[in-house]
Structure formats: C-alpha cells, structure tokens
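First residue of the sequence shown? That's 0 in numbering that gives the first Met the number 0, and the numbers climb one at a time after it. The structure appears right after this line, and notes come after that.
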Amino acid sequence: MKIYQYILLFTTALFIACADDNDPNPQPQDETHDLILTKTLSNATHQIAIFTQTGIFHDGYNKMYLQLKDNNGSFINNADLSWEPMMHMENMHHGGPHSQISRVSGKQTLYEGWIVFQMPGNAMESWYIDFNYEVEGQNYGMESPIDVQPSPKRVVSVFQGNDGVNYILAMIEPTAPKVAVNDMSAAIFKMGEMHDFPVVNGYQLKIDPRMPGMDNHGSPNNVDLTQGSDGFYHGKLSLTMTGYWKINLMLQNQNGEILKGEPVTDDNESSSIFFEIEF
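What follows is the structure, encoded as structure tokens:
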C-alpha cells in the first residue's frame, strides 16, 4: 500500500471518529444482550419493555429490567416510574409485594425493580401491572395483563402464623444451585390490607435442607437467614449432591417464638412451610 493510501485511510477514520463524538443523539450500546424480552406495554406516546433473565414471569420473586421509549424509538432515561401489580380475581382483587423502580447504576437505558407474585395466574384470575410515570413534568400511565406461570418447584409460601398474621416468604437465591455451600436469600412480608405488604424486620428464617428421596438426609454447615441492610434475609445453604432438596423452614420472631414451621425429626419428615430445589 502506498503512502497516500495510508494517509487517506487515517483521515477517513479520524473523520468518522470525530463525527461520532459530535453526534448529539448517540445510540447507547445494547444493554439487554444478556436478558430476554418478556413483555412490552404501550400507550399513545410510549412503550415500556420488560426484560427478565428467564423470559417468563413466575410465582415468587421476579427481578425485572425496564426500558422506556417514546414512539419515535428514542430511549428516555430521566423518567420517574412507579408500578403496582394487581391480581384480578373473580370476586376481588389484591396486590403483591414490590420494590420501587430505580435506574441501573452504570447503564444509560435500564431501570430495575422486583415483584413477588404470591400465586400464579389461571384461566379465571390474571395479574396486571399498572405503570405510572412522569416525563418532563407530564404524567402518563399504562396497564397490561401479564402471564404469571407456576414455578416447577415451590419458591414462595403464603401462610398464617400462630400470631394471627398472614405472611409471604419468597426465595431469591440460589437461582443456579451447585454442590457447595450456596449463598441463600429470601424475602419476608406481612400481608396487611389488599395493597399493603410491609417487610418483616428482625426475624430469623431457620432452614433444614433434606433429600426426601435419599432417606431424608440433611447437610452440614448451613447458616440460618437473618436480615441484611437491603431488607432481605441472607444465610448459607449447603447442598452436598445433585437431586431434589426440600428446604424446611421455621419462621422465628424477635422473641425467639416459632410462628410457623416444625423441626424435622424421625416422626416428622417435613416442616409445613418449605422451599424446593432440584438441580
């Protein structure tokens, strides 16, 4: 290649780079390449795309990522968004525990939040998500039904404690269990009014993992779940082999009283509240 060709290539590359730097509306990189588009909502002015890791909504804890666009396809990254999950039943409706929606740190287009669906939908009962949001001082809204499928294993438990309070327990981690001592986390809520689900503070979630198909043997080095600064409960779950595990639970309050759940003994193979894992 002759010297003038090198100069031409260098000048062209420099021109393109400068043009990109001066682009007043640069397109952000794809920030959802490792996520699956699960639902798109729209109204006359905007679209909200909901992404998840699995491509489905299921009963239990669901982490979600959102992108908001106008109808010209431009991302909106300065909106104030809120949402409300709502289960429409035959004779009533109720909400579910959910977080606020916030910007994902270090991302240009993504918002994030979570919802706990305490039950799946069915032919007669459906979940909806109602969004309200503000863009440059204008208020908007959109609502859409969503398909909440039953999880293949139990990852959420709804019950009344012996204190007369209704509770929701939802497993968060592990989502990819392995033969090891796994980090385990869960969310615990009280059920107040139809739209009120306060986080339970200062309790303990005692765990006893067992393999019912293997003489109900347990595992060593488990650590019961206690509340962290994020409001969730964290501990350690020891899984010594692959297969089906039942994570027996006991919910204990600040006074050391067991509100629900029973110890596993020779005469009692399972607690009345539990999570399930199979891998």
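Cβ coordinates follow ideal geometry from the N, Cα and C atoms, glycine included.
Between the alpha carbons of residue i and residue j, how many angstroms are there, rounded?
i	j	result
Glu275	Asn70	43 angstroms
Ser156	Tyr139	35 angstroms
Pro211	Ser269	9 angstroms
Asn77	Thr108	9 angstroms
Ile167	Phe273	12 angstroms
Glu172	Ala186	10 angstroms
Thr53	Asn215	31 angstroms
Gly242	Thr39	36 angstroms
His194	Phe74	31 angstroms
Gly163	Gly191	12 angstroms
Ala18	Leu67	Reliability of the predicted coordinates at Ala18 is poor, the pLDDT of 40 falling under 50, and the value obtained from them is presented with this limitation in mind. So the two alpha carbons sit approximately 27 angstroms from each other.
Thr174	Gly136	39 angstroms
Trp244	Glu133	45 angstroms
Ser271	Leu36	36 angstroms
Met91	Ile55	25 angstroms
Give me, in chain order, the residues of the same chain whose beta-carbon lies closer than 7 angstroms to that of residue i; leave out the 5 immediate sequence neighbours on both sides.
i	result
Ser150	His57, Asp58 and Gly59
Ser218	Pro208, Ser237, Leu238 and Thr239
Thr44	Asp69, Asn70 and Tyr139
Asn267	Glu261
Pro176	Leu238, Ile276 and Phe278
Arg153	Phe273, Phe274 and Glu275
My guess is that residue i and residue j are in contact by the Cβ rule of under 8 angstroms, so how many angstroms apart are they, rounded?
i	j	result
Gly95	Phe116	6 angstroms
Tyr232	Leu258	Actually they are not in contact, since the Cβ atoms of Tyr232 and Leu258 sit about 14 angstroms apart, beyond 8 angstroms.
Ser237	Pro262	No, Ser237 and Pro262 are not in contact; Cβ-Cβ is about 17 angstroms, not under 8 angstroms.
Ile47	Phe158	Actually they do not touch by this definition, with Cβ atoms about 34 angstroms apart.
Val199	Lys189	6 angstroms
Val222	Gly234	4 angstroms
Ser279	Met141	No answer is possible for residue 279: it lies beyond the span of the chain, which begins at 0 and ends at 278.
I'd like to confirm the pairing. Which residues does DSSP put opposite residue i in its beta bridges?
i	result
Pro84	Ile128
Met123	In DSSP, Met123 forms no bridge with anything.
Asp207	Asn247
Leu36	Phe50
Met67	Per the sequence shown, residue 67 should be read as Leu rather than Met. According to DSSP, Leu67 bridges with Ile47.
Gln148	His57
Lys62	Trp113
Asp79	Glu133
Looking only at its own chain, which residues have a Cβ that is under 8 angstroms from the Cβ of residue i, when we skip the five neighbours before and after it?
i	result
Tyr64	Thr31, Leu34, Ile49, Phe50, Thr51, Val103, Leu109, Tyr110 and Glu111
Trp113	Tyr60, Asn61, Lys62, Met63, His97 and Ser98
Thr264	none
Pro197	Phe188, Lys189 and Gly191
Ile100	Leu65, Leu80, Ser81, Trp82, Tyr110, Glu111 and Gly112
Gln251	Tyr202, Gln203, Leu204, Lys205, Ile257 and Leu258
Gly160	Tyr166, Leu250, Leu258 and Lys259
Note down, in chain order, each residue of its chain lying with its Cβ closer than 6 angstroms to the Cβ of residue i, except the 5 sequence neighbours on either side.
i	result
Pro144	Ser125 and Tyr127
Met88	Glu124
Gln226	Tyr232
Gly201	Gln253
Item to check | Ranges of the beta strand (DSSP E) found wholly within the region 157–216, counting only runs of at least 3 | outcome: Listed in chain order, the complete beta strand (DSSP E) runs (minimum 3 residues) inside the region 157–216 are 165–172, 179–189 and 203–209.
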